[in-house]
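Undergrad: My structure is below; once you've seen it, I'll send some questions.
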Amino acid sequence: MEINKLSNFVGFFIIFSLMPLALSIKCWNCRSSTDPKCADPFDNSTVPITDCNQEKGLSHLPGMKPSMCRKIRQKVNGEWRYFRDCAYLGEVGIQGDERFCLMRTGTYNIFVEYCTCNSKDGCNSSSVISPLPIFLVVLVALSSFKIGL
Ligand SMILES: *[C@@H]1O[C@H](CO)[C@@H](O)[C@H](O)[C@H]1NC(C)=O
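Residues -24 to -1, 1 to 125 in mature numbering (1 follows the signal peptide of the UniProt record, and there is no 0) are what the sequence shown lists, from first letter to last.
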């Protein structure tokens, strides 16, 4: 009983001491259309880093603060564009592994890749190892399912 109480206390302590960290992430904020250094390979020397807690918020999501960083890579008509900023919604990486990015092939001539992370301040600086194609995600999911059996 006493040990239970103690571990509860320790658990609460850990949760509450981690919370401020999770709630105040800083992210690189730039777009390659106005700052070429925003592209990959990323050069952080002149790019501003934003405390996401200071973001104004979104009108359609009142009271919500961004808790993640995001990098978007977009290919439009053969030209790459990069965006880095704070992220409000979305899943970190793929199945929680932020080395991987979500890919979307849109309509004609548009390709978009979303990389979302929350591991540390400025985590949206990194280039990914390689984007994981959807069929690979399915394979990984299937194989981990088999191992689970
Ligand atoms: C900027 O990039 C350099 C070199 O990659 C790195 O050592 C440094 O920690 C980065 N600065 C910040 C604030 O993350």
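For glycine and all other residues, C-beta sits at the position ideal for the given N, C-alpha and C.
Just to confirm before moving on: does the CB-CB distance between Arg49 and Glu74 stay below 8 Å?
TA: Counting from one through the sequence shown, the residue named residue 49 turns up at place 73. Counting from one through the sequence shown, the residue named residue 74 turns up at place 98. With contacts defined as CB atoms closer than 8 Å, Arg49 and Glu74 fail to qualify as a contacting pair.
Undergrad: Does DSSP put Cys14 in a helix, a strand or coil?
TA: For the purposes of this step, residue 14 is taken as the residue at position 38 of the sequence shown. Of the three classes helix, strand and coil, the one that applies to Cys14 here is helix, per DSSP.
Undergrad: Assign Cys3 to one of three DSSP states: helix, strand, or coil.
TA: In the sequence shown, residue 3 corresponds to position 27, counting from 1. If DSSP states are grouped into helix, strand and coil, Cys3 belongs with the strands.
Undergrad: Give me, in chain order, the residues of the same chain whose beta-carbon lies closer than 6 Å to that of Ile86; leave out the 5 immediate sequence neighbours on both sides.
TA: Along the sequence shown, one-based indexing puts residue 86 at 110. Correct list, in chain order: Val52.
Undergrad: Given this structure, state the Cα-to-Cα distance separating Leu37 from Pro12, to the nearest angstrom.
TA: Working through the sequence shown from its first residue, we reach residue 37 at position 61. Working through the sequence shown from its first residue, we reach residue 12 at position 36. For Leu37 and Pro12, the distance between alpha carbons rounds to 31 Å.
Undergrad: Going along the chain, which unbroken runs of the beta strand (DSSP E) with 3 or more residues stay wholly within the stretch 27 to 111?
TA: 44 to 52, 55 to 63, 78 to 81, 86 to 93
Undergrad: Give the straight-line distance between the Cα atoms of Cys6 and Phe59, rounded to the nearest whole angstrom.
TA: Taking the sequence shown and counting its residues from 1, one reaches residue 6 at position 30. Taking the sequence shown and counting its residues from 1, one reaches residue 59 at position 83. Their backbone Cα atoms lie some 6 Å apart in a straight line.
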